[in-house]
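Here is the structure we will look at.
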Amino acid sequence: MRVTPLGAAVLAGTAVALLVLGYLAIYLLVFLPRGTVG
Amino acid sequence: MLWAVGVGVLVAATLSVVVFTALSRDINPPSNVERIDPETLHLSGEFAEHNLGTTVGPDGRVTARIIATQFMFVPRCIAVPSGRAVTLRFASPDVIHGLLITRTNVNTMVVPGFVAQVHTEFTRDEDLLMPCHEYCGLGHSEMWATVQVMPDDRFKPGPDGRVSCAQR
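Top to bottom, those sequences are chains A and B. Just so we're aligned: 3 in the working numbering is position 3 of the first sequence, and the numbers increase by one with no gaps anywhere. Just so we're aligned: 1149 in the working numbering is position 149 of the second sequence, and the numbers increase by one with no gaps anywhere.
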């Protein structure tokens, strides 16, 4: 893995970025508005 | 090395969100550890039949006590006020149950031998579904209750401090 093909890095980066965006969207738009619990 | 750093950043970011949420918004996993004898909990004490449902204490604290049993919640409707702190307390006399309240973050398991406790605040006046979400036997799919969230001016405790669901 010393030399990463650019395409693989872009593919992996895009996939992870989409995952993180989805996570943040659920967190901000669904989880937080549902209110406090503990 | 670069990949490890990337993964480390993502893990740190995720953990930061969890810690930030806990500290700033007071959102935590329910973590009450309190023992109760499942064989006798219905005979006397906190989870005896006359204590079940919603009560308002002398200090204004709202507490709902619910038994999760095969295959129903007792009581089947729980009245709570909106915009006030509410404590939900659950116990099981038989097997492991679980519950969530739709459109809220309330979500816990009810393990026999322990009291499951959740502090929350309901924000909208509506009827919410509270199904059992831990497979508990053949009648599991029929096990659900209603949480009736009332505006604070309609949430009037009786002389004994108890509040029941309004008939509709």
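For glycine and all other residues, C-beta sits at the position ideal for the given N, C-alpha and C.
| Item | Value |
| --- | --- |
| Proximity test, Cβ basis, 8 Å: Thr-36 of chain A and chain B | yes |
| Backbone secondary structure at Val-1149 of chain B - three-state DSSP | strand |
| Reduced DSSP category for Thr-1104 of chain B - H, G, I as helix; E, B as strand; rest coil | coil |
| Stretch pair the stretch 1087-1095 of chain B + the stretch 1148-1156 of chain B: three plus CB contacts closer than 8 Å | no |
| Backbone CA spacing between Ser-1016 of chain B and Glu-1049 of chain B [nearest angstrom] | 43 Å |
| Residue of B:Leu-1088, B:Gly-1083, B:Pro-1029 minimising C-alpha distance to Cys-1077 of chain B | B:Leu-1088 |
| Per-residue DSSP class, three states only, for Ser-1024 of chain B | helix |
| Chain A contact residues for Arg-1025 of chain B, given Cβ-Cβ distances below 7 Å | Leu-32, Thr-36 |
| For Val-10 of chain A and His-1194 of chain B, the rounded distance between their alpha carbons | For chain B, the structure presents residues 1001 to 1168; residue 1194 of chain B sits outside this window and is missing. |
| DSSP state of Glu-1049 of chain B mapped onto helix, strand, coil | helix |
| Coil, strand or helix - Thr-1069 of chain B by DSSP | strand |
| Straight-line Cα distance separating Gly-1045 of chain B from Pro-1112 of chain B | 16 Å |
| Boundaries of the beta strand (DSSP E) in which Thr-1120 of chain B is found, first to last residue | 1116-1121 |
| Rounded separation between Gln-1148 of chain B and Thr-1123 of chain B - CA only | 12 Å |
| Nearest neighbour of Thr-1114 of chain B, chosen from B:Trp-1144, B:Lys-1156, B:Ala-1022, B:Pro-1038 [CA to CA] | Per the sequence presented here, residue 1114 of chain B reads as Phe, with Thr not at that position. Nearest C-alpha to Phe-1114 of chain B: B:Pro-1038. |
| Within 7 Å of chain A by C-beta, residues of the stretch 1087-1111 of chain B in sequence order | Arg-1103, Thr-1104, Asn-1105, Val-1106 |
| Close beta carbons around Thr-1063 of chain B, own chain, < 6 Å, minus the five adjacent residues each side | Thr-1055, Thr-1087 |
| Short Cβ contact (8 Å threshold) for Val-37 of chain A with Asn-1105 of chain B | yes |
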